[in-house]
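**Student:** Under mature numbering (1 follows the signal peptide of the UniProt record, and there is no 0), the residues of the sequence shown are numbered -35 to -1, 1 to 136, in order.
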Amino acid sequence: MSHHRRSRRTKRNSIVAGAVAAVLIPLGVAGTAMAGGDSSGGTEQTGPKQTAQQAAAQDTPSVVTEVEEFYQGYISALGEGDTEQAKSLRKAALTESFQNELAEWEQQNAADGVTRSQNVPVEAEAAYDGSGMGHSWTIVTLKWDGGSDATKLHVQSDLDTHRISDVKPLD
């Protein structure tokens, strides 16, 4: 191969690499800014112009943390037999309409609606499962005495209030 062909190929490869970098680098910066991270050269919107996606990305960790803290406190109160503390936690963390739904569910099923069980779990862990349309979803894993069994729940929280508005078993 002649030197002239190699030079054209190298030049073409350099142009393609530059074009790819020109497209990908701003996307990486925008992705970091949207996730709320620190990025050099990117701008993060705040205030009324902030998009719903940006708000959801920023609220997600706190919503998941709040769900996990609620479940840990709730099962701790139940485990200690402190039903007043458990009721207080439910009142603070659940939407009023969901509290009413749970009361009906619990009467029909003779079980705790928050844990979807008749027994008290020993541990709760939470993981983010997406957000949209004003809600965030968390997968809560409840662990039982003995450690080998686990129950997974799909917990919905309202992003504007951070209150739990639904709990369903995760199949």
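Quick reminder that beta carbons are idealized off the backbone N, C-alpha and C, glycines included.
Would you mind working out which of D136, G112, Y39 sits nearest V79, comparing C-alpha positions?
**Tutor:** Y39
**Student:** Between A(-3) and W109, what straight-line distance do the alpha-carbon atoms span, to the nearest angstrom?
**Tutor:** Model confidence at A(-3) stands at a pLDDT of 40, short of 50, so the residue's coordinates are unreliable; what they give is reported in the following sentence. Looking at the two C-alpha atoms, the distance is approximately 40 Å.
**Student:** With the cut-off set at 7 Å, would you say A92 and Q83 are in Cβ contact?
**Tutor:** no
**Student:** Given a threshold of 16 other Cβ atoms within 10 Å of its Cβ, counted over all protein chains shown, does S113 qualify as buried or as exposed?
**Tutor:** exposed
**Student:** Enumerated in chain order, which unbroken segments of the beta strand (DSSP E) with a length of 3 residues or greater are wholly contained in the region 53 to 121?
**Tutor:** 88 to 97, 100 to 108
**Student:** Taking V85 as the reference, give the member of V132, K133, E45, V29 with the closest Cα.
**Tutor:** E45
**Student:** Please list, in chain order, all residues of the same chain as F63 whose beta carbon is under 7 Å from its beta carbon, the five residues on each side excluded.
**Tutor:** I129, S130, D131
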